[in-house]
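Quick notes on the structure that follows.
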Amino acid sequence: MKLKTLLSTIALSGLTLLSASANAFFGSKDEMRLGYLVKQPEEPWFQTEWAFAEKAAKDLGFDLVKMAVPDGEKTLNAIDTLAAQGAKGFVICTPDPKLGPAIMAKAKSYDLKVVTVDDQFLNAKGEPMTDVPLVMMAATAIGERQGQELYNEMQKRGWDVTTTGVMAITADELDTARRRVDGSISALKAAGFPAGQIYRVPTKTNDIPGALDAANSLLVQYPMVKQWLIVGMNDNTVLGGVRATEGQGFTAQNIIGIGINGVDAVNELAKSQATGFYGSLLPSPDVHGYKSIASLYHWVKEGVEPSKFVEVTDVVLITRDNFKVELEKKGL
Ligand code: GLA
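Shown next, in the form of C-alpha cells:
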C-alpha cells in the first residue's frame, strides 16, 4: 500500500472511531436529545418523574439527559452542557422560580425549547411566566384535601378540639407550596377547626432539617397544645414537623401528619411501628414526568406547541394500610 493511501486509511478509520465514540457519548446522531433538569434529585418525587421520562424516551425514541440543578449556577451550566451535546430542549423543575427569565434567555440563545414542571417561573416583577408551558399538580385542591383528611382523622379519633393545634409549616415564596398550605388551612376552617388554633411557621429550606427547625421553634411557643395536626407542602415538610414533635415526646397517639407527594413517604409508612406521620396524598409524578417530556418531544419533532398549562388533579390518600396497593396501581 502506498504511503498516501495508508495515511488516508488511518485518517479515515480515526475519523470513524472518533464519530463512533462521539455517538456513544452523545447518543445516535439521528436520535433527538432532550434534557430533564430537577432541583432536588434526592426526593423520590423527582426520581419518579425521571423514571417516567425515561419510559417516554423509550416509547418515543429519544435520548434523555437527566441533570440535577440544585442552584442557579448549576442550572445555567447545565443548559450550556445540554446545548454543547446537541440537545433540542429540556423540561425543568427550577431550584428558584425567580431564575425563570435567566433560564429562558439562555435557552433562547441556544434555540432550546423549554417546558416547566411542578414549579412555575416568575418574571422580574414576581408574576408567573404564563407563556412558558407548565405541568403541575392542582395545588389548592390537593391542599384542601390535606386539610379535610386531617380533620376527618381527628374526628375519627374523638380528639378534644380545644386542646388541639394545627402546625402549618409554610414555604410561601414557592407559589405551589403557598397554595397547598393555604388550601389546607381554609379546608380546616371550613370544616369547623378554630382559626385561632392554627399556627403558621415558615421553613428556611424545603427539606426535613429545615422543617424540623421551623417546627421546633413553633412547639416551644405552644406548650399547652396536647394534640397536633401537621400541615405542610410535601412529605419532607410534614416529616420534619413529625420528627420535631417526637423530640417533645409526642407519638402516633397525639399527632396526625399528612404529607403530599406519596412516593417520598414510603419508608415512613413501611416502618413496623406507626408514627405521627399518618399518611400522604399521592398525586401523579408518573404523569408529570411522562407528559412534560412527551409534549416537549412533539414540540421539537412536529412543531406541536404544548398546552401552556396542564393541571394534574388525581390524588389518593395513602396510609400504612393501603400504600403498597395504591403505589402498585400506578406502577410505582
Ligand atoms: C414542588 C415540591 C416537590 C413536589 C412538587 C410537585 O416542587 O418541592 O416536593 O411536591 O412540587 O409538583
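Under the working numbering, the sequence shown is numbered contiguously, ending at residue 343.
In this text, a Cβ means the ideal position worked out from N, Cα and C, and glycines have one as well.
Since the model is a prediction, treat every value here as computed from it, not as a measurement.
Query                                                                                                                                                                  : Result
Confirm the yes/no value for this check: CB of Ile271, any heavy atom of the ligand GLA, distance under 7 angstroms.                                                   : yes
Roughly how far, in whole angstroms, is the beta-carbon of Thr256 from the beta-carbon of Leu230, given that I think they are within contact range, below 8 angstroms? : 7 angstroms
Considering just the uninterrupted stretch of the alpha helix (DSSP H) at Val192, what are its terminal residues?                                                      : 186-202
Expressed to the nearest angstrom, what Euclidean distance is found between the alpha-carbon atoms of Ala33 and Gly273?                                                : Interpretation of Ala33 is limited by its pLDDT of 42, a score under 50 that renders its predicted location unreliable; the figure taken from the coordinates is listed afterwards. One C-alpha to the other measures close to 40 angstroms.
Measure from the alpha carbon of Gly111 to the alpha carbon of each residue in Asn245, Leu93, Glu138, then state which is nearest.                                     : Glu138
Tell me whether Met147 is buried or exposed, calling it buried when 16 or more other Cβ atoms sit within 10 Å of its Cβ.                                               : buried
What span of residues does the beta strand (DSSP E) with Phe132 cover, start to end?                                                                                   : No beta strand (DSSP E) holds Phe132; DSSP gives it neither H nor E.
Any chance the region 265-279 sits against the region 80-99, with 3 or more Cβ pairs inside 8 angstroms?                                                               : no
Would you kindly work out how many angstroms separate the C-alpha atoms of Gly169 and Phe261, rounded to a whole number?                                               : 17 angstroms
Let me check you understand the geometry: is the CB of Trp56 closer than 7 angstroms to at least one non-hydrogen atom of the ligand GLA?                              : yes
Would you say the beta carbon of Thr187 is closer than 7 angstroms to some non-hydrogen atom of the ligand GLA?                                                        : yes
Quick check: the Cα distance between Ile103 and Asn134, rounded to an integer number of angstroms?                                                                     : 16 angstroms
Using only the alpha-carbon positions, how far apart do Ala222 and Lys312 sit?                                                                                         : 43 angstroms
Under the three-state reduction of DSSP, which class applies to Trp170: helix, strand or coil?                                                                         : coil
Exposed or buried, Gly207, counting other C-beta atoms within 10 Å across all chains shown (16 or more means buried)?                                                  : exposed
Just grab the DSSP bridge partners of Ile267 for me.                                                                                                                   : Leu240
Quick check: what's the CA-CA separation for Tyr47 versus Pro234?                                                                                                      : 45 angstroms
What does the Cβ neighbour count give for Ser318, buried or exposed, with the cut at 16 atoms within 10 Å?                                                             : exposed
Rounding to the nearest angstrom, what Cα-Cα distance links Thr127 and Val143 in this structure?                                                                       : 7 angstroms
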